[in-house]
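Below: one structure, written as C-alpha cells.
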Amino acid sequence: MFIRSLSKVALAAMVLFLAGCEGGVLDPKGHVGLQEKNLIIVATVLMLLVVVPVIFMTLFFAWKYREGRDELYMPKWAHSNKIETIVWIVPIIIIVILGTITWKTTHELDPYRPLDHERDHLTVEVVSLNWKWLFIYPEQGIATVNELVFPKDVPVQFKITSDSTMNSFFIPQLGSQIYSMAGMETKLHLIANEAGTFDGMSANYSGAGFTGMKFKATATPTDADFNNWVASVKSNNAVLNSQSYDELAKPSENNPVQYYGAVQDGLFHQIVMKYMQHYNDWGKGGNEHGEHQGHGSTEAAEPSMHMMHHDSSSAVEHAKANGEA
55 MFIRSLSKVA
65 LAAMVLFLAG
75 CEGGVLDPKG
85 HVGLQEKNLI
95 IVATVLMLLV
105 VVPVIFMTLF
115 FAWKYREGRD
125 ELYMPKWAHS
135 NKIETIVWIV
145 PIIIIVILGT
155 ITWKTTHELD
165 PYRPLDHERD
175 HLTVEVVSLN
185 WKWLFIYPEQ
195 GIATVNELVF
205 PKDVPVQFKI
215 TSDSTMNSFF
225 IPQLGSQIYS
235 MAGMETKLHL
245 IANEAGTFDG
255 MSANYSGAGF
265 TGMKFKATAT
275 PTDADFNNWV
285 ASVKSNNAVL
295 NSQSYDELAK
305 PSENNPVQYY
315 GAVQDGLFHQ
325 IVMKYMQHYN
335 DWGKGGNEHG
345 EHQGHGSTEA
355 AEPSMHMMHH
365 DSSSAVEHAK
375 ANGEA
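Counting with my numbering, you get residues 55 to 379 for the letters of the sequence shown.
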C-alpha cells in the first residue's frame with residue numbers, strides 16, 4: 055500500500071516537472087538551445103552515476119547494519135584495494151569525460167562565434183534600458199521596443215549593450231544568455247529552427263521594473279513574412295533619433311510594443327561611445343575628478359586595464375563600422 059502511494063506521488067511530481075519544461079531551456083526551438091539541452095542531460099547523467107549509488111549505499115548500509123542485526127563486526131578494518139580503486143578511478147573517469155565535453159562545447163557554443171550556416175546573418179542591435187528592450191535593425195533601417203522578429207532558419211547576430219545598469223539578454227528556447235553592459239558591446243549568435251513566438255526576458259535583476267522587462271521573439275515561417283513585417287514597421291511615421299531616443303531611455307515600466315519606421319544612422323554606436331568618452335575623459339583627467347577618488351587610491355584615478363581593454367575593443371569595432379578608422 056505504501057509503495058503504491060509513493061508511486062502515485064512520484065508520478066504526480068514527474069508530471070509537474072515535465073509541465074514546467076514547456077517554453078524553457080528543456081524545450082529548445084533552435085540549434086544552440088538544442089546543443090545546450092543535450093549538454094545539460096549528458097552532464098546530469100554522468101553526475102548521477104556517482105550520486106545515485108552513493109544515496110543507495112547510504113540507505114542500504116543504514117538498513118543492513120542497523121541495531122539488532124547480527125552482521126560481521128570488524129573494528130580493526132582499515133583498508134580495501136577494491137574500495138580504493140572504485141572511489142578513485144570512477145570519479146577520475148567522469149571528470150575526464152566532463153572536462154573533454156566542457157572544452158569541446160565551450161568552443162562550439164561560444165556566443166561570439168558565428169554559426170556555420172549557408173544563409174547570411176541578420177544583424178540586430180540590442181539596447182537594454184530601464185525597463186525595456188530596444189531592437190535596432192541597421193540593415194532594414196527600423197527599430198522596435200519589446201518585439202523581436204526574424205525569419206526561421208536564418209542565423210541572427212545580436213550586438214548588445216546597455217544604457218543603464220548591467221542586464222542580461224535571454225531567449226530560453228533559443229539558447230545562451232549574454233550580459234549587456236554600458237560602454238561595451240557583447241555578441242550573441244542564435245537561430246530558430248522552427249517558426250513560432252518565444253518568450254524573451256531580462257535574466258539579471260536591474261531594479262523596480264525588472265519583472266516587466268520582457269519581450270516576444272517571433273520566428274516567421276518565411277523570408278516573405280519577415281519582409282512584410284519590416285514593411286509594416288517602415289510605414290510607421292515615428293523616427294528614432296537622438297532626441298526621441300533620449301525620451302525613450304527615460305525609466306518606465308511594463309512598456310507596450312513600439313515601432314520606429316526610421317532610425318538615425320550610427321545611433322547604436324553613439325549609445326556605446328557616450329560611456330567610452332566618459333571613461334577616456336576620466337582616465338586623462340588626472341585629478342580633475344579627484345573628489346570621486348578613494349583616500350590614497352591610485353586605482354580610482356582611472357578605469358581598470360581589464361575594463362579599458364574591452365571598451366577599447368568595442369570602440370575600434372564601432373569606429374571601423376562607421377568609417378572613423
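A virtual CB, placed ideally from N, CA and C, is assigned to each residue, including glycine.
All figures in this text were calculated on a predicted structure; none of them were measured in a lab.
Outcome for residue i when other beta-carbon atoms lying within 10 angstroms are tallied against a minimum of 16
i: H85; result: buried
i: K304; result: exposed
i: F114; result: exposed
i: W187; result: buried
i: S256; result: buried
i: M381; result: Nothing about residue 381 can be reported from this structure: the residues present for the chain run from 55 to 379 only.
i: G350; result: Residue placement at G350 is poorly supported in this model, since its pLDDT is 36, which falls under 50; the coordinates still yield a value, given next. By the 10 Å Cβ count, G350 comes out exposed.
i: N41; result: The requested residue 41 is not part of the displayed model; the chain covers only 55 to 379.
i: D124; result: exposed
i: H243; result: buried
i: D164; result: exposed
i: E121; result: exposed
i: V99; result: exposed
i: H346; result: The predicted model places H346 with a pLDDT of 38, which falls under 50 and marks its position as unreliable; any figure quoted below should be read in that light. Exposed, since its Cβ has fewer than 16 Cβ neighbours within 10 Å.
i: T139; result: exposed
i: T215; result: buried
Residue interval of the beta strand (DSSP E) (run including residue i)
i: I196; result: 196-199
i: V210; result: 210-216
i: Q312; result: 312-314
i: L228; result: It is not in any beta strand (DSSP E) - L228 carries neither H nor E in the DSSP assignment.
i: L244; result: 240-244
Min CB distance residue i to chain B below 9 Å
i: K91; result: Of the chains in the structure shown, none is chain B; there is only one protein chain.
Beta-ladder partner(s) of residue i, from DSSP
i: L188; result: V181, V199
i: G254; result: F269
i: P205; result: T274
i: L80; result: None; L80 has no bridge partner.
i: L176; result: V210
i: S234; result: N221
i: V144; result: Answer is none; V144 lacks a bridge partner.
i: V326; result: The partner list for V326 (beta bridge, DSSP) is empty, contrary to what the question assumes.
Endpoints, the alpha helix (DSSP H) within which residue i is located
i: A285; result: 277-288
i: L302; result: 296-302
Cutoff 6 Å; reference residue i; Cβ partners in own chain excluding five residues on either side
i: L176; result: F204, V208, V210
i: T219; result: S260
i: P226; result: G78, V79
i: F322; result: E179, I190
i: F212; result: V178, V180, L242
i: V293; result: A316
Sequence-distant residues of the same chain with beta carbon closer than 7 Å to residue i, five excluded per side
i: P275; result: K206, A249
i: V287; result: I196, T198, Y313, G315
i: L88; result: P82
i: Q194; result: V284
Chain-order list of residues whose beta-carbon lies under 8 Å from that of residue i (same chain, five-residue window excluded)
i: E307; result: W185, A262, G263, G266
Any chance you could list the beta strand (DSSP E) runs of at least 3 consecutive residues sitting entirely within the region 82-136, in chain order?
none
Beta strand (DSSP E) runs contained entirely in the region 146-176, provided each spans 3 or more residues
none
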